[in-house]
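Inspection log for the structure reproduced underneath, given as structure tokens.
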């Protein structure tokens with residue numbers, strides 16, 4: 002018997018497993034990952050704010066990326082931890098809407114922010130002498146503001162269209178959070194207009210930033226090839242290698258899940274892929290941007306020395 006979505010008061014999140022022992026193991030794993038995510042991103046933000054050597058456009062964007070990842074991970078992980086240790090697997094309809102909205106808004110914002118960071122790397126490599134003028138603080142703030150605005154405006158469009166679908170039959174979400182694929186599986190009838198909205202949002206929030214990033218890197222490669230010394234080329238490439246790794250990991254997983262028609266969704270497979278970009282990727286970003294970065298390492302050493310002196 003069909004029922005409209007206004008009668009649904011809660012959804013049940015299946016999570017990863019129903020085995021009690023495995024749930025405790027997963028609780029420990031996710032708690033550890035979330036702790037590292039919070040510590041890593043918070044430390045990077047503190048370093049960027051406190052060290053004057055890191056007051057450059059590149060680190061301004063990295064700091065905002067860390068803030069996004071900190072917020073992004075917090076949308077999912079606390080609920081995952083509760084699901085692992087509690088017998089109550091439910092999430093209210095309003096809670097599902099809120100989680101869905103912030104999930105989409107932050108994901109789209111990160112897509113735009115990564116595109117802005119690609120332009121920043123192009124400006125730094127193509128004309129380093131004019132870098133400070135071409136990527137001013139005003140432009141940086143404008144790009145970050147536009148990233149958030151574009152992300153959350155599109156999240157409103159996606160959320161309003163998704164939660165006007167008619168949900169019928171079971172209200173069990175075979176996933177660990179409220180996302181498009183499992184919700185589409187619960188819908189009685191997904192109209193072509195909704196699929197059109199999904200493709201429009203994919204094109205505007207993922208494909209378009211991807212094309213901008215590709216264009217930026219084509220110009221970056223051209224600029225690097227104009228550098229005469231091999232050492233200079235290596236140094237120039239190393240300044241954008243961290244960003245390139247982030248783009249490949251993040252966009253790869255996003256495109257894999259959301260660029261396919263709803264008929265080809267495999268919830269079990271997609272569940273594992275979405276775990277990567279929702280939980281693991283926010284933990285990896287601080288490592289990616291600090292592991293080979295001398296400025297961040299020096300700032301971290303300085304912070305440790307000051308902390309040691311205060312103690």
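Residue numbers (my numbering): 2 to 312.
A virtual CB, placed ideally from N, CA and C, is assigned to each residue, including glycine.
Since this is a predicted model, take the numbers as computed values, not measurements.
Segment contact flag, the region 7-19 with the region 169-177, C-beta cutoff 8 Å, min 3 pairs: yes
Proximity below 8 Å, CB of residue 148 to CB of residue 117: Reading the chain shown from its first residue, position 147 is the one you call residue 148. Reading the chain shown from its first residue, position 116 is the one you call residue 117. Yes, the Cβ-Cβ distance between residue 148 and residue 117 is below 8 Å.
For residue 136 and residue 166, believed in contact at Cβ under 8 Å, the rounded distance: Indexing the chain shown from 1 puts residue 166 at position 165. Indexing the chain shown from 1 puts residue 136 at position 135. Between residue 136 and residue 166 the Cβ distance is about 42 Å, and since that is not below 8 Å, they are no contact.
Rounded distance between the beta-carbons of residue 104 and residue 178, thought under 8 Å: Position 177 of the chain shown, counted from the start, is the residue given in the question as residue 178. Position 103 of the chain shown, counted from the start, is the residue given in the question as residue 104. With a Cβ gap of about 7 Å, residue 178 and residue 104 count as contacting.
Counterpart residues of residue 14 in DSSP-defined beta bridges: To locate residue 14, count along the chain shown from 1; it is residue 13. Residue 14 pairs with 174.
Residue 4 (DSSP reduced to helix, strand or coil): Along the chain shown, read from residue 1 onward, the residue named residue 4 stands at position 3. Caution applies to residue 4, whose pLDDT of 43 falls short of 50 and renders its modelled position unreliable; the model cannot decide the point.
Whole runs of the alpha helix (DSSP H) within the region 170-250, excluding any shorter than 4 residues: 181-187, 193-203 and 209-226
Three or more C-beta pairs below 8 Å linking the region 145-163 and the region 194-207: yes
Three-state secondary structure (DSSP) of residue 137: Here residue 137 is taken as the residue at index 136 of the chain shown, counted from 1. Here residue 137 sits in coil by DSSP.
Residues that DSSP places opposite residue 126 in a beta bridge: For the purposes of this step, residue 126 is identified with residue 125 of the chain shown, where counting begins at 1. DSSP, once it has assigned bridges, lists no residue as partnering residue 126.
Residue 91 (DSSP reduced to helix, strand or coil): For the purposes of this step, residue 91 is taken as the residue at position 90 of the chain shown. Residue 91: strand per DSSP, three-state reduction.
Nearest-angstrom Cα separation, counted from residue 60 out to residue 296: Taking the first residue of the chain shown as 1, we reach residue 296 at position 295. Taking the first residue of the chain shown as 1, we reach residue 60 at position 59. If I take the Cα positions, the gap works out to 10 Å.
Within 8 Å, strictly: CB atoms of residue 301 and residue 55: The residue labelled residue 301 in the question sits at position 300 within the chain shown. The residue labelled residue 55 in the question sits at position 54 within the chain shown. For residue 301 and residue 55, no; Cβs fall outside 8 Å.
Residue 102 in three-state terms, based on DSSP: For the purposes of this step, residue 102 is identified with residue 101 of the chain shown, where counting begins at 1. Here residue 102 sits in helix by DSSP.
Sub-8 Å separation of residue 210 and residue 42 beta-carbons: Locating residue 210 in the chain shown gives position 209, where the first residue counts as 1. Locating residue 42 in the chain shown gives position 41, where the first residue counts as 1. No; because the gap between Cβ atoms is not below 8 Å, this pair is not in contact.
Meets three-Cβ-pair contact criterion under 8 Å: the region 215-227 and the region 113-132: yes
At least 3 beta-carbon pairs within less than 8 Å: the region 91-101 vs the region 121-139: no
The alpha helix (DSSP H) enclosing residue 22, as first and last residue numbers: Translated into positions along the chain shown, residue 22 becomes position 21. 21-51 is the extent of the alpha helix (DSSP H) around residue 22.
Outcome for residue 201 when other beta-carbon atoms lying within 10 angstroms are tallied against a minimum of 16: Here residue 201 is taken as the residue at index 200 of the chain shown, counted from 1. Residue 201 comes out exposed.
Which of helix, strand or coil DSSP assigns to residue 168: The residue given as residue 168 occupies position 167 in the chain shown. Strand, per DSSP.
Residue 290: first and last residue of the uninterrupted alpha helix (DSSP H) it sits in: In the chain shown, residue 290 corresponds to position 289, counting from 1. Note, residue 290: alpha helix (DSSP H), 282-291.
Of the residues 112, 93 and 237, the one placed nearest residue 249, counting alpha carbons only: As a working note, residue 249 is residue 248 in the chain shown. Out of 112, 93 and 237, 112 has the C-alpha closest to the C-alpha of residue 249.
CB contact flag (residue 168, residue 187, <8 Å): As a working mapping, residue 168 is identified with position 167 in the chain shown. As a working mapping, residue 187 is identified with position 186 in the chain shown. A contact, by the Cβ cut-off of 8 Å.
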